[in-house]
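Residue numbers (this note's numbering): 39 to 91.
Think of the CB as a built atom: it goes at the ideal place given N, C-alpha and C, for glycine as much as any other residue.
What follows is one structure encoded as structure tokens, with my remarks underneath.
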Amino acid sequence: MKFSHYLEKITGIGTYPMVSLLLFVVFFTAVTIIVFKTSKDTITHLENLPLEN
39 MKFSHYLEKI TGIGTYPMVS LLLFVVFFTA VTIIVFKTSK DTITHLENLP LEN
């Protein structure tokens, strides 16, 4: 038996790809918003962290 044969027997299997796509889009959108809302001072501080003792 192939693996796809087992997947066909699971009820509601079609919702998992949609849920995973929705989670990816929400996560990507949230990260993009956070990146664009971050102030320039915070970015400068984070850039210099490896150089500080």
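Per DSSP, reduced to three states, the secondary structure at K40 is coil, with no helix or strand assignment.
Note that the C-beta distance between L45 and I51 is below 9 Å. Per the coordinates, the alpha-carbon of I71 lies some 14 Å from the alpha-carbon of K78.
In the structure shown, E90 adopts coil according to DSSP, grouped into three states.
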